[in-house]
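Visitor: Take this structure first; my questions come after.
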Amino acid sequence: MLDGAAEVRPKMSNLLTSRQAEELHKSLVAYLNGCGYPKAAQAVRDEVNLSEDSFDDATSKKYEGLLEKKWTSVVRLQKKIMDLESRAGQLQNELDNATPSSLAARRNHDPATWLPRAPARHTLQSHRQPITCVAFHPLFSSLASGSEDCTIKIWDYELGELERTLKSHTKAVLDVDFGGPRGNTLLASCSSDLTIKLWDPADEYKNVRTLPGHDHSVSCVRFIPSGAAGAPLSGNLLASASRDKTIRIWDVTTGYCLRQLRGHGDWVRSLSATMDGRWLASASSDQTSRMWDLSQPDSNALKQTFVAHEHVVECCVFAPAATYAHLASMAGLKKPPPSSSTAEYIATGGRDKLIKIFSANGVCIKTLTGHDNWIRSLVFHPGGKYLLSCSDDKTIRCWDLSQEGKCVRVVEAADHFPPKSGKKAAPAPFPGTKAGVSKKQAKNPLLERRPRNFGIGQDVQPKRNMGRMVKWPEYVRLQRQRKILNMRLKVPPAIAQFQQTLDRNTAAQAFKLLTKYRPETKADKKERLLKEATAVAEGKKKEDVSKKPYTVKYGLNHVVALIEAKKTSLVLIPNDVDPIELVIFLPALCRKMGVPYAIVKGKARLGTVVHKKTAAALALTEVRAEDKAELSKLVQAIKEGYTDKAEESRRKWGGGIMGAKSQAAERKKKERAEREIKI
């Protein structure tokens, strides 16, 4: 045993100093003496060479209990270390979850590829009506939300707590946005009460200014970023869109309206500005998006119109420079545009459940499908690889632009909504109970159960439909009766055929081809004529300098003359011309002359092709050699998918929609006839 101890001693000497080893030996001897082991204590003294002089009775009393104290202190410190390590782990988890960038650094090791995932960190509940908009503060952990309850609420999204409620609007708040001059961030809000309000976060969100001027609901507000620091009106501009079909640019410092942009034919829904503040995009209920150059005067501000959607366009957003490499590849370009150009691509979303990505020249380079309801908002990922969208189908979708717009993640972002249809699923039986046997809930004997009293000052009145109590004016009743009669009247085949329109995909191909042959603008025509005049003056032929471009023909009389002369390759007729008698003869004329034709939705869509508000008919006469194959495929698709089917339906009368009682009587009559056949 002593030999073994002698072998261990050199190892201990490597860990302890000579003084520490001596202290340990004395503590060990004192402990053995105190426990009643004198022989063991003497053996240790002999082994470690402790003489009587160096370890007398006084020294022994000094070291009594020292070994036990150190042993218990070591155990206590180990427990405290374990508690501290556990606490440090919890704090590290909280730190990792504090921001998306840190979460990405922990999971993906790359903030540029971070994507949202369920479950949500916080659920913020305080509004009493549907929430219409949200906006994040650019510097602090604040979030503003607007609602149909006429209030704006400011939240701390790190803690998930409500900070304050702003009350000033008298109708639903439709949009909010943070921005403003450098060093003085403001909150802008707009409402159905026709006003825009500015709030100062630095002064407890005081309402510092109200901007009246729009003639209808203000649906969107966006601060326009400034260019270089110190530029004129640096960060002082605010753009607003309204149901009055206009876009207004405001100076937030003075409150003056600097300019109005007109061009949309319906409600302007959304706005988006580039980082340099030069370009502004707008989305509208007229099924178009438009791009405006704010550096030009109002007459030349409109630079491009994007036509591809078949329903209201709800949102639009400019693509940042980080996305150019992916979008250029999607568009078939070998080299992406320079990052200094800020308006190369734009994404739009609409009520047709589609997301479309356009290049600056108006060509739709990609259509993303997947949502099952209206698309409400779009945003490009800061890393440039993803496009995120949210929809009324209660989901957020993440589209990977590097994979041709593939949907790589779907986040169910609204679990608290009721199911779309069907009965509510029955809950599973409790564990330990038989299936189908429900356990009664325990009742609180202190809770008084009494019937509700809806008297004055008592229980809150339930919501009731008071429409049945209203005696509508006579003109309203006549309008309803007229609508019912129009539904039940028989519609002649010549008019009923305008209800059968070209399918969406084929119509999109047709408009894509027509967009290539849009008529010249005044500036382009002036430039072409000037070149021809210069060539004639120099003795040359004007055909050698410039040829008259192939364009889409419009104007009802012009189109009719071309059809009669059999000079048209394709004719498009809108289904909503008023009065319909203006174009009711065109399908028959096209069939007689053997000219391909189709009826499409929206005279406004045709008008945008030829730089007009509306158009009664468009005709395509000639195309360039590279587009002849595309035109022939389009004509063949229209013939197979539309013209042949229209031949069958154009002989049938339309309308004749019966009332509920008549439909029930017809159904009973049919059932009676089926029973007689069985008998």
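All residue numbers for the sequence shown refer to the UniProt record's numbering, where the first residue is 1 and numbers rise by one.
Cβ atoms here follow ideal geometry from the backbone N, Cα and C, with glycine treated the same way.
Please read these numbers as outputs of a predicted model, since none were measured by experiment.
1) Alpha carbon to alpha carbon, what distance is there between Tyr517 and Ala508?
2) Please specify which runs of the beta strand (DSSP E), each continuous and at least 3 residues long, are wholly inside the region 342-376, giving them in chain order.
3) Would you kindly report the start and end of the unbroken beta strand (DSSP E) that includes Arg262?
4) To which residues does DSSP link Ser200 through a beta bridge?
5) Under a three-way DSSP split, which group does Pro138 fall into?
6) For Leu620, write down the residues that DSSP places opposite it in a beta bridge.
7) Look up Tyr597 in the DSSP assignment and give the residues it is bridged to.
8) Between which two residues does the alpha helix (DSSP H) containing Leu604 stretch?
9) Roughly how many angstroms separate the alpha carbons of His264 and Asp286, rounded to a whole number?
10) Out of Val307, Asn505 and Val460, which one is the CA nearest neighbour of Thr348?
11) If you draw a straight line from the C-alpha of Thr246 to the C-alpha of Glu158, how long is it?
12) Would you mind working out which of Ala239, Asp276, Ala135 and Thr288 sits nearest Leu258, comparing C-alpha positions?
13) Checking the sheet assignment: what are the DSSP bridge partners for Glu161?
14) List the DSSP bridge partners of Ile495.
15) Between Val379 and Val317, which are expected to be in contact by the criterion C-beta below 8 Å, what is the C-beta distance as a whole number of angstroms?
16) Exposed or buried, what is Ile249 when buried is set at 16 or more other beta-carbons lying within 10 Å of its beta-carbon?
17) Classify Val470 as helix, strand or coil using the three-state DSSP reduction.
18) Which full runs of the beta strand (DSSP E) of 3+ residues lie inside the region 233-315, going along the chain?
19) Tell me whether the region 396-404 and the region 315-329 touch, counting them as touching only if at least three CB pairs, one residue from each stretch, are closer than 8 Å.
20) Is Gly146 near Asp175, with beta carbons less than 8 Å apart?
21) Between which residues of its own chain and residue 688 is the CB-CB distance below 6 Å, once the five residues before and five after are set aside?
22) Can you tell which of Leu237, Ala120, Lys669 and Val577 has the C-alpha that lies nearest to the C-alpha of Thr274?
23) Using only CA atoms, which one of Pro549, Glu310, Lys490 and Arg376 lies nearest to Leu606?
24) Taking only three categories from DSSP, how would you classify Glu674?
25) Would you say His311 lies against chain B (beta-carbon separation less than 8 Å)?
26) How would you call His371, buried or exposed, if buried means at least 16 neighbouring beta carbons within 10 angstroms?
27) Distance check for Gly235 and Asn575, CA to CA, integer angstroms please.
28) Do you know how far the Cα of Val312 is from the Cα of Lys335?
29) Please identify the residue among Met593, Ser141, Tyr205 and Val75 whose C-alpha is closest to the C-alpha of Thr165.
30) Would Val134 and Gly180 qualify as a contact pair, given that the criterion is a beta-carbon distance under 8 Å?
31) Using 10 angstroms around the beta-carbon of Tyr597, count the other beta-carbons present and answer buried if the total reaches 16, otherwise exposed.
32) Rounded to whole angstroms, how far is the Cβ of Val411 from the Cβ of Thr395, which I believe are closer than 8 Å?
33) State yes or no: is the C-beta of Val268 within less than 8 Å of the C-beta of Ser289?
34) Would you tell me roughly how many angstroms separate the C-alpha atoms of Ser219 and Leu186, rounded to the nearest one?
35) Give the straight-line distance between the Cα atoms of Thr123 and Gly160, rounded to the nearest whole angstrom.
36) Counting along the chain, where does the alpha helix (DSSP H) carrying Glu527 start and finish?
Guide: In this structure, then:
1) Position 508 of the sequence shown, counted from the first residue, corresponds to residue 508. Position 517 of the sequence shown, counted from the first residue, corresponds to residue 517. Rounded to whole angstroms, Ala508 to Tyr517 spans 15 Å at the Cα level.
2) 345-350, 354-359 and 364-369
3) Residue mapping note: residue 262 aligns to position 262 of the sequence shown, counting from 1. Taken as a continuous stretch (DSSP letters only), the beta strand (DSSP E) holding Arg262 covers Cys257 to Arg262.
4) Stepping through the sequence shown from its first residue, residue 200 is reached at position 200. According to the sequence displayed, residue 200 carries Asp and not Ser. Asp200 is bridged to Lys206.
5) One-based indexing of the sequence shown puts residue 138 at position 138. If DSSP states are grouped into helix, strand and coil, Pro138 belongs with coil.
6) Position 620 of the sequence shown, counted from the start, is the residue given in the question as residue 620. In DSSP, Leu620 forms a bridge with Val552 and Leu570.
7) Here residue 597 is taken as the residue at index 597 of the sequence shown, counted from 1. In the DSSP output, where bridge partners are listed per residue, Tyr597 has Val571.
8) Indexing the sequence shown from 1 puts residue 604 at position 604. Residue identity differs from the one stated: residue 604 is Ala in this sequence, not Leu. Element bounds for Ala604: Lys603 to Val609.
9) Along the sequence shown, one-based indexing puts residue 264 at 264. Along the sequence shown, one-based indexing puts residue 286 at 286. About 7 Å.
10) Residue 348 sits at position 348 when you count from the first residue of the sequence shown. It is Val307.
11) In the sequence shown, the residue the question calls residue 246 occupies position 246. In the sequence shown, the residue the question calls residue 158 occupies position 158. Between Thr246 and Glu158, the C-alpha separation is close to 38 Å.
12) Along the sequence shown, one-based indexing puts residue 258 at 258. Out of Ala239, Asp276, Ala135 and Thr288, Ala239 has the C-alpha closest to the C-alpha of Leu258.
13) Here residue 161 is taken as the residue at index 161 of the sequence shown, counted from 1. Per DSSP, Asp156.
14) As a first step, residue 495 must be located in the sequence shown, where it is residue number 495. Answer by DSSP bridge pairing: none, since Ile495 is not bridged.
15) The residue given as residue 379 occupies position 379 in the sequence shown. The residue given as residue 317 occupies position 317 in the sequence shown. Contact holds; Cβ gap of about 6 Å.
16) As a first step, residue 249 must be located in the sequence shown, where it is residue number 249. Buried, by the Cβ-count rule.
17) Within the sequence shown, numbered from 1, the residue matching residue 470 stands at position 470. In this structure, Val470 counts as coil in the three-state DSSP scheme.
18) 237-242, 246-251, 257-262, 268-273, 279-284, 288-293 and 302-307, all fully within the region 233-315.
19) yes
20) Position 146 of the sequence shown holds residue 146. Position 175 of the sequence shown holds residue 175. It is a contact, given that the beta carbons lie within the stated cut-off.
21) Since the first residue of the chain shown is 1 and the last is 679, residue 688 is not available in this structure.
22) Position 274 of the sequence shown, counting from 1, holds the residue named residue 274. Checking every option, the nearest Cα to that of Thr274 belongs to Leu237.
23) Start at 1 with the first residue of the sequence shown, and residue 606 comes out as number 606. Comparing Cα-Cα distances from Leu606 to each of Pro549, Glu310, Lys490 and Arg376, the minimum goes to Glu310.
24) If you number the sequence shown from 1, residue 674 lands on position 674. Glu674 falls in the helix class under three-state DSSP.
25) Any reference to chain B falls outside this structure, which holds one protein chain only.
26) Here residue 371 corresponds to residue number 371 of the sequence shown, with the count starting at 1. Buried is the call here.
27) Translated into the one-based positions of the sequence shown, residue 575 becomes position 575. Translated into the one-based positions of the sequence shown, residue 235 becomes position 235. Going by the C-alpha atoms only, they are around 45 Å apart.
28) Here residue 335 corresponds to residue number 335 of the sequence shown, with the count starting at 1. Here residue 312 corresponds to residue number 312 of the sequence shown, with the count starting at 1. Answer to the nearest angstrom: the Cα atoms are 33 Å apart.
29) Locating residue 165 in the sequence shown gives position 165, where the first residue counts as 1. The shortest Cα separation from Thr165 among Met593, Ser141, Tyr205 and Val75 belongs to Tyr205.
30) Here residue 134 corresponds to residue number 134 of the sequence shown, with the count starting at 1. Here residue 180 corresponds to residue number 180 of the sequence shown, with the count starting at 1. Taking 8 Å as the Cβ cut-off, Val134 and Gly180 do not qualify as a contacting pair.
31) Against the sequence shown, residue 597 aligns to sequence position 597. When all chains shown are included, Tyr597 counts as buried.
32) Counted from its first residue, the sequence shown places residue 411 at position 411. Counted from its first residue, the sequence shown places residue 395 at position 395. With 8 Å as the limit, Val411 and Thr395 qualify as a contact, their Cβ atoms being about 6 Å apart.
33) Working through the sequence shown from its first residue, we reach residue 268 at position 268. Working through the sequence shown from its first residue, we reach residue 289 at position 289. No, the Cβ-Cβ distance between Val268 and Ser289 is not below 8 Å.
34) Numbered from its first residue, the sequence shown carries residue 219 at position 219. Numbered from its first residue, the sequence shown carries residue 186 at position 186. Rounded to whole angstroms, Ser219 to Leu186 spans 18 Å at the Cα level.
35) Here residue 123 is taken as the residue at index 123 of the sequence shown, counted from 1. Here residue 160 is taken as the residue at index 160 of the sequence shown, counted from 1. C-alpha separation (whole angstroms): 7 Å.
36) Numbered from its first residue, the sequence shown carries residue 527 at position 527. From DSSP, the alpha helix (DSSP H) with Glu527 extends over Lys522 to Ala537.
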